[in-house]
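Here the structure comes first, spelled out in structure tokens, and everything after it is commentary.
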Amino acid sequence: MPVAYQSLYRRYRPQKFSEIKGQDHVVRALQTAVRENTVGHAYLLHGPRGSGKTSTARVLAKALNCTDLGDDGEPCCVCESCVSIAEGRSFDLQELDAASNNKVDDMRALLERVNLASPGRAKVYLLDEVHMLTAGAENALLKTLEEPPAHVTWVLATTEPHKVVLTIRSRCQVFELGLISSDIMAEHLRYVVADAGLDADSDAIDHAVAAGGGSVRDTLTALERVVAGGGTADLDASTDAILEAIAEGDRTAALSAVGDAIGRGRDPRTIGEMALAGLRDAFLTKMGDPPTRLSEHERARAADLAGRMAPAAMTRALETLGRALIDMRQAPDPRVDIEVALVRLCQPDEDLSLEALAQRVRQLEARLDGSPGSAPPAPHPAPARPEP
0 MPVAYQSLYR RYRPQKFSEI KGQDHVVRAL QTAVRENTVG HAYLLHGPRG SGKTSTARVL
60 AKALNCTDLG DDGEPCCVCE SCVSIAEGRS FDLQELDAAS NNKVDDMRAL LERVNLASPG
120 RAKVYLLDEV HMLTAGAENA LLKTLEEPPA HVTWVLATTE PHKVVLTIRS RCQVFELGLI
180 SSDIMAEHLR YVVADAGLDA DSDAIDHAVA AGGGSVRDTL TALERVVAGG GTADLDASTD
240 AILEAIAEGD RTAALSAVGD AIGRGRDPRT IGEMALAGLR DAFLTKMGDP PTRLSEHERA
300 RAADLAGRMA PAAMTRALET LGRALIDMRQ APDPRVDIEV ALVRLCQPDE DLSLEALAQR
360 VRQLEARLDG SPGSAPPAPH PAPARPEP
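Counting in numbering that gives the first Met the number 0, the sequence shown runs from 0 upward without gaps.
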């Protein structure tokens, strides 16, 4: 029976503290607490999606229940407790998605099991997207946080900490997880490529890092898309054609470039990401702060676009493609989103959105500013009224 494929972000999910990337301050604090037996009863981990909040909570649960804990506070990852947590079948780690289980009855059902004994030394409750709890559920949780059982540790995770009520935040140790820097992410991808035996060159890694935006999960997903499409050589050619079409306002060429790329097996989202990255390079070059990690080809392309496109046109293009990429996450046919976005960019005169109208006003103002000697046309004289 063939083994089911496991996505890269699941295959390379951190299993111990040392594997959590770019969150040294959080790792250091939690590892020290485990080593010195000073783990708090509640933690609030907040940060962007894909920054490692739930992975950190799972590693903490391993460390608290590991039967062969290292002197440095690292879980062994081979004992029965560590393996069961990694496989998602441990009673010592209870996870609840607060986005879909946010009612007071959901919380009460969870809290009824808090005082029950568990196989390990500690029971960890992970509440993801805790800011989605209703007021009643928050009150039920607050009572437990005020009088927590000695063997229970709560880990609350959220992308929007400002929505977590102050009474809950004040009873937690709060840690912020940030986006991962490009250098750390690129180093991690080089390891993944080597370990998994992927056919991906440095250009593919650079694209995935740029597309991931500092999120480990999104970056690994972007790397999978690039590898599945066969690298970046033909994708660079498609990106060149799309950017050229945007600069020239040639919607036929833009749609043709998208069709060619998809015909070669490229994912529409990857096409959009590459075009967005190329526009960003040109925009930063135009602003006098060109990116440092560019190939010679990318640097020349950015300089060419910077010389041909106005800053207002660039910002509008960045916003339009950015919105298209967001819409593509839920779209039944992502190709439609990228095609519509490109048509809007290539034919602003036919775009009735507020952004397009503002762009046309700016273009008219620029033309008037370029003709200082011209005066506005005189109004037509009113027709003479017939004498009675």
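Even glycine gets a Cβ: it sits at the ideal position worked out from N, Cα and C.
Length of the line joining the Cα atoms of GLY177 and LYS61: As a first step, residue 177 must be located in the sequence shown, where it is residue number 178. As a first step, residue 61 must be located in the sequence shown, where it is residue number 62. In this structure, the straight-line span from the alpha carbon of GLY177 to that of LYS61 is close to 23 Å.
Spatial distance of SER201 from ALA195 (CA atoms): The residue you call residue 201 lines up with position 202 of the sequence shown. The residue you call residue 195 lines up with position 196 of the sequence shown. Between the alpha carbons of SER201 and ALA195 lies a distance of about 15 Å.
ASP205: which of LEU109, PRO289, MET273, ALA240 sits nearest, CA to CA? Taking the first residue of the sequence shown as 1, we reach residue 205 at position 206. Looking at the Cα atoms, MET273 is the closest of the given residues.
Please work out which residues of its chain come closer than 7 Å, Cβ to Cβ, to ARG107, disregarding the five sequence neighbours upstream and downstream, and give them in chain order. Taking the sequence shown and counting its residues from 1, the one referred to as residue 107 is at position 108. ALA139, listed in sequence order.
Determine the burial state of PRO118: buried for a count of at least 16 other Cβ atoms within 10 Å of its Cβ, exposed for fewer. Numbered from its first residue, the sequence shown carries residue 118 at position 119. Sixteen is the threshold: since fewer than 16 other Cβ atoms of the shown chains lie within 10 Å of the Cβ of PRO118, the residue is exposed.
If you follow the beta strand (DSSP E) that LYS285 is in, where does it begin and where does it stop? By 1-based counting over the sequence shown, the position of residue 285 is 286. DSSP places LYS285 in no beta strand (DSSP E) but in the uninterrupted alpha helix (DSSP H) bounded by 267-285.
ASP266: buried (16+ other C-beta within 10 angstroms of its C-beta) or exposed? Within the sequence shown, numbered from 1, the residue matching residue 266 stands at position 267. Answer is buried; the Cβ neighbour count reaches 16.
Please report how far the alpha carbon of GLU128 lies from the alpha carbon of ASP368, in whole angstroms. Here residue 128 refers to the residue found at position 129 when the sequence shown is read from its first residue. Here residue 368 refers to the residue found at position 369 when the sequence shown is read from its first residue. Going from the Cα of GLU128 to the Cα of ASP368 covers about 52 Å.
Among the residues of its own chain, which have a CB less than 6 Å from the CB of GLY372, if the five just before and after it don't count? In the sequence shown, residue 372 corresponds to position 373, counting from 1. Interpretation of GLY372 is limited by its pLDDT of 45, a score under 50 that renders its predicted location unreliable; no figure is taken from the coordinates.
Given that a residue counts as buried once 16 or more other Cβ atoms are within 10 Å of its Cβ, and exposed if not, what is LYS142? Residue numbering aside, residue 142 sits at position 143 when the sequence shown is read from its first letter. LYS142 is exposed by the Cβ-count criterion.
Who are the Cβ neighbours of MET391 in its own chain at under 6 Å, not counting the five residues just before and after it? As shown, the chain starts at 0 and ends at 387. That puts residue 391 outside it, with no answer to give.
Flag this pair as yes or no: are the beta carbons of ALA121 and HIS150 separated by less than 8 Å? Position 122 of the sequence shown holds residue 121. Position 151 of the sequence shown holds residue 150. Against a cut-off of 8 Å, the Cβ pair of HIS150 and ALA121 comes out as a contact.
Do ALA316 and ILE245 have their C-beta atoms within less than 8 Å of each other? The residue labelled residue 316 in the question sits at position 317 within the sequence shown. The residue labelled residue 245 in the question sits at position 246 within the sequence shown. A contact, by the Cβ cut-off of 8 Å.
Excluding the 5 residues preceding and the 5 following GLN346 in the sequence, name in chain order all residues of the same chain whose CB lies nearer than 6 Å to its CB. Within the sequence shown, numbered from 1, the residue matching residue 346 stands at position 347. Taken in chain order, the residues that qualify are ARG250.
Out of ARG34, ASP198, VAL113, which one is the CA nearest neighbour of PRO147? In the sequence shown, residue 147 corresponds to position 148, counting from 1. The shortest Cα separation from PRO147 among ARG34, ASP198, VAL113 belongs to VAL113.
Taking only the alpha-carbon atoms, compute the straight-line gap between ARG57 and LEU29 and give it to the nearest angstrom. Within the sequence shown, residue 57 is the residue found at index 58, counting from 1. Within the sequence shown, residue 29 is the residue found at index 30, counting from 1. The alpha-carbon atoms of ARG57 and LEU29 are separated by roughly 12 Å.
At a cut of 8 Å, does the segment 77-84 reach the segment 207-222 through at least three beta carbon pairs? no
Expressed to the nearest angstrom, what Euclidean distance is found between the alpha-carbon atoms of GLY135 and VAL103? The count along the sequence shown starts at 1 and reaches residue 135 at position 136. The count along the sequence shown starts at 1 and reaches residue 103 at position 104. When rounded, the distance between both Cα atoms is 5 Å.
Short check: CB of SER294 to CB of ALA260, under 8 Å? The sequence position of residue 294 within the sequence shown is 295, counting from 1. The sequence position of residue 260 within the sequence shown is 261, counting from 1. No; because the gap between Cβ atoms is not below 8 Å, this pair is not in contact.
Tell me the start and end of each unbroken alpha helix (DSSP H) in the segment 283-331 that is at least 4 residues and wholly inside, in chain order. 295-307, 310-327
Got a sec, what are the start and stop residues for the beta strand (DSSP E) LEU132 sits in? Counted from its first residue, the sequence shown places residue 132 at position 133. Looking at the DSSP string, LEU132 is not in any beta strand (DSSP E), and its letter there is neither H nor E.
Name, in chain order, the residues that DSSP records as bridge partners for GLU338. Taking the first residue of the sequence shown as position 1, residue 338 is located at position 339. Paired residue(s): none; GLU338 is not in a bridge.
Considering only the beta carbon of each residue, do ALA156 and THR53 sit closer than 8 Å? The residue labelled residue 156 in the question sits at position 157 within the sequence shown. The residue labelled residue 53 in the question sits at position 54 within the sequence shown. Yes.
Between GLU145, LEU219, ARG12, which has its C-alpha nearest GLU86's C-alpha? Reading the sequence shown from its first residue, position 87 is the one you call residue 86. Restricting attention to GLU145, LEU219, ARG12, the CA atom closest to the CA of GLU86 is found in ARG12.
Which of the three DSSP states, helix, strand or coil, is assigned to VAL226? By one-based count along the sequence shown, residue 226 stands at place 227. Note: VAL226 maps to helix in three-state DSSP.
In chain order, what residues of the same chain lie with their CB nearer than 6 Å to the CB of PRO409, ignoring the 5 residues before and after it? Summary: the structure shown does not reach residue 409, with the chain confined to residues 0 through 387, and so no result is reported for it.
Burial state of GLU297, where buried means 16 or more other Cβ atoms lie within 10 Å: Position 298 of the sequence shown holds residue 297. Buried, because 16 or more other Cβ atoms sit within 10 Å of the Cβ of GLU297.
Using only the alpha-carbon positions, how far apart do THR319 and THR55 sit? Here the question's residue 319 lines up with position 320 in the sequence shown. Here the question's residue 55 lines up with position 56 in the sequence shown. Rounded to the nearest angstrom, the two C-alpha atoms are 35 Å apart.
For the candidate residues LEU95, ARG268, ALA311, MET286, whose alpha-carbon lies nearest to that of ARG454? The question about residue 454 has no answer here: the residues shown for the chain are numbered 0 through 387.
Run the CB neighbour count on TYR190, radius 10 Å, all protein chains shown included, and call it buried at 16 or more, exposed below. Translated into the one-based positions of the sequence shown, residue 190 becomes position 191. Exposed.
Is ALA121 helix, strand or coil when you go by DSSP? Reading the sequence shown from its first residue, position 122 is the one you call residue 121. Here ALA121 sits in coil by DSSP.
Let me know the secondary structure DSSP gives PHE174 once reduced to three states. Here residue 174 is taken as the residue at index 175 of the sequence shown, counted from 1. It is a strand residue.
With 16 other Cβ atoms within 10 Å as the buried cut-off, status of SER89: Within the sequence shown, residue 89 is the residue found at index 90, counting from 1. Burial call: buried.
Report the rounded CA-to-CA distance for ALA253 versus ILE241, giving the unit in angstroms. As a position in the sequence shown, residue 253 is number 254, starting the count at 1. As a position in the sequence shown, residue 241 is number 242, starting the count at 1. Near 5 Å, if we compare the C-alpha coordinates of ILE241 and ALA253.
Distance between LEU43 and VAL25 (C-alpha atoms, nearest Å): Working through the sequence shown from its first residue, we reach residue 25 at position 26. Working through the sequence shown from its first residue, we reach residue 43 at position 44. Rounded to whole angstroms, VAL25 to LEU43 spans 11 Å at the Cα level.
Mind checking which residues open and close the beta strand (DSSP E) that includes THR152? Reading the sequence shown from its first residue, position 153 is the one you call residue 152. Segment 151-157, the beta strand (DSSP E) holding THR152.
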